[in-house]
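Going line by line, the protein sequences match chains A and B. Each residue of the first sequence is one higher than the one before, starting from 1 at the first, in our numbering. Each residue of the second sequence is one higher than the one before, starting from 115 at the first, in our numbering. Even for Gly, the Cβ is constructed at its ideal location relative to N, Cα and C.
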Amino acid sequence: AQSVAQPEDQVNVAEGNPLTVKCTYSVSGNPYLFWYVQYPNRGLQFLLKYITGDNLVKGSYGFEAEFNKSQTSFHLKKPSALVSDSALYFCAVRPNDSWGKLQFGAGTQVVVTP
Amino acid sequence: DAGVTQSPTHLIKTRGQHVTLRCSPISGHKSVSWYQQVLGQGPQFIFQYYEKEERGRGNFPDRFSARQFPNYSSELNVNALLLGDSALYLCASSLRSANTEAFFGQGTRLTVV
Numbered sequence: 001a002q003s004v005a006q007p008e009d010q011v012n013v014a015e016g017n018p019l020t021v022k023c024t025y026s027v028s029g030n031p032y033l034f035w036y037v038q039y040p041n042r043g044l045q046f047l048l049k050y051i052t053g054d055n056l057v058k059g060s061y062g063f064e065a066e067f068n069k070s071q072t073s074f075h076l077k078k079p080s081a082l083v084s085d086s087a088l089y090f091c092a093v094r095p096n097d098s099w100g101k102l103q104f105g106a107g108t109q110v111v112v113t114p
Numbered sequence: 115d116a117g118v119t120q121s122p123t124h125l126i127k128t129r130g131q132h133v134t135l136r137c138s139p140i141s142g143h144k145s146v147s148w149y150q151q152v153l154g155q156g157p158q159f160i161f162q163y164y165e166k167e168e169r170g171r172g173n174f175p176d177r178f179s180a181r182q183f184p185n186y187s188s189e190l191n192v193n194a195l196l197l198g199d200s201a202l203y204l205c206a207s208s209l210r211s212a213n214t215e216a217f218f219g220q221g222t223r224l225t226v227v
C-alpha cells in the first residue's frame, strides 16, 4: 500500500532564512510526486511535481524540491522564505500505473516570522 | 480561463439529512475527483470519474455517491449525514494522465449539526 509521511506538524522559520519541508513516501514502482499549498479556507494550489529526470525540480513562487530515490524522499525547499509563504503544505504521491487518486500526507504548517 | 468551481462554498446540514455538492472542471478536463479534508488532516480520496464512469473509489461508506454529467461536471451526494461528515470537500479536475497535476477548487465547507 502506498503512503506518504510528513514528519513535522509545523516548521518555524525566520523571513529570509531557508525553508525545508520534509516528505517521505512508500509506493511500489516509480511514483509521481507532488507538492501542494493550502491557504486558510482555500483549496489546494499546485506547486511542483516530479515525474522523471533531474532530481531537482523547480516550481512556482521560488520553491523547489529534491527527489531522492534511495531515501524515498521528496523534500520541498525555498532558499529565502517570505512571510507570505506561511501556509499548510501537502506532499502527495501517485503510482505511475494509476492516473487516478492522489495519496496525501497529513500536512506541514509553515510559519514564517518577520 | 476559469478554474475548478465548486458550489456551494458553505453548507450547514442536520444529522440524517442529505447533501449534494457540485463541481465544474476546467475546460478540457474530463477527469473529476472528490476528496474529503477533515480539519487537521490531509485530503482523503473519495471518488474519481472519467468520461461519466467511476474509475476509482476510496474507503468511504455507501452513503457517499457521485456521478459525472455529459459536460464533465460532477455531483457528490452524501446521505444520512453524520457529525463526522463535517469537513471541507474538495473537487479536482485533471487530464487523463498519471503525470499531470490535479487542479483543485476552493472546496465546500460542510458542517453537520
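- Pairing residue 204 of chain B with residue 7 of chain A, the inter-Cα distance amounts to about 24 Å.
- The three-state reading of DSSP puts residue 207 of chain B in strand, counting E and B together.
- Neighbours of residue 107 of chain A across chain B, judged by C-beta separation under 7 Å: 156.
- For residue 125 of chain B, the enclosing beta strand (DSSP E) starts and ends at 124 to 127.
- Residues of the segment 7 to 38 of chain A with a C-beta atom less than 8 Å from some C-beta of chain B are 32, 34, 36, listed in chain order.
- In the structure shown, residue 219 of chain B falls within a coil segment according to DSSP collapsed to helix, strand and coil.
- Residues of the segment 35 to 62 of chain A with a Cβ closer than 7 Å to any Cβ of chain B, in chain order: 42, 43, 44, 46, 49, 51.
- Per DSSP, reduced to three states, the secondary structure at residue 198 of chain B is helical.
- Between residue 130 of chain B and chain A, the shortest Cβ-Cβ separation is not below 7 Å.
- Annotation: residue 78 of chain A has no Cβ neighbours in chain B at a cutoff of 9 Å; minimum Cβ distance is about 19 Å.
- What residue 104 of chain A touches in chain B, judged by beta-carbon distance under 7 Å, is 156, 157, going in chain order.
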